[in-house]
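Notes follow once the structure below has been shown.
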Amino acid sequence: MASAQPPSDSELEAEVQEDLMRLEAYRNQLNALLQQHQILAGSRQDHVRARESLEGVDRAPEGTELLLPLGGETFVRGSVDRKAPVLIGIGSGIVVEMERPKVVELLAERVQRIDQAVREMEGQISTLDERIQLLSRRIDTIARAGGGPANVGSN
């Protein structure tokens, strides 16, 4: 049986460089996931607001005057007509006309799907964060042991 030789300085340096590249890749993935998480949170908020607004309109007395936001701080006056169908986007720029109860149901389903995607994404974020912490500790341990290059963090 041959005894195991400790890694040479050049082997340690190559290992540390590889770990640093992996760490950078994990951080980039984490940043991308965090951006996607923010987008999903905004989408969820929009869907919840739409459902709550539609339910509020349904509770308002017939003929109640409303201000309908058009964007850019621009509004149009309108009135409640509970029998009127609702226009809703279904993707790819396509908008369909549906009855109010079906739209409320569809919005609730979308919120549930967004919540599920957020939970899955939070699991991925947690996993990546753990990997980043482990790799950071490993690099730090090698650097402190003095077995690696003096400029471990200089790249």
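Residues 36 to 190 (my numbering) make up the sequence shown, in order. Cβ coordinates follow ideal geometry from the N, Cα and C atoms, glycine included.
Positions of the beta strand (DSSP E) runs, each at least 3 residues long and wholly inside the stretch 122-169, are given as 129-133 in order along the chain. Cα atoms of His72 and Val83: separation of roughly 16 Å, rounded to the nearest angstrom. Burial check for Ile149: the Cβ neighbour count within 10 Å reaches 16 or more, so the residue is buried. Assigned with DSSP and collapsed to three states, Arg112 falls in strand. C-alpha of Glu144 to C-alpha of Arg62: approximately 33 Å in a straight line.
With a 10 Å radius around the Cβ and a threshold of 16 neighbouring Cβ atoms, Val130 comes out exposed. Short of 8 Å from the beta carbon of Pro96, and not among the five residues preceding or following it, lie these beta carbons of its own chain, in chain order: Val115.
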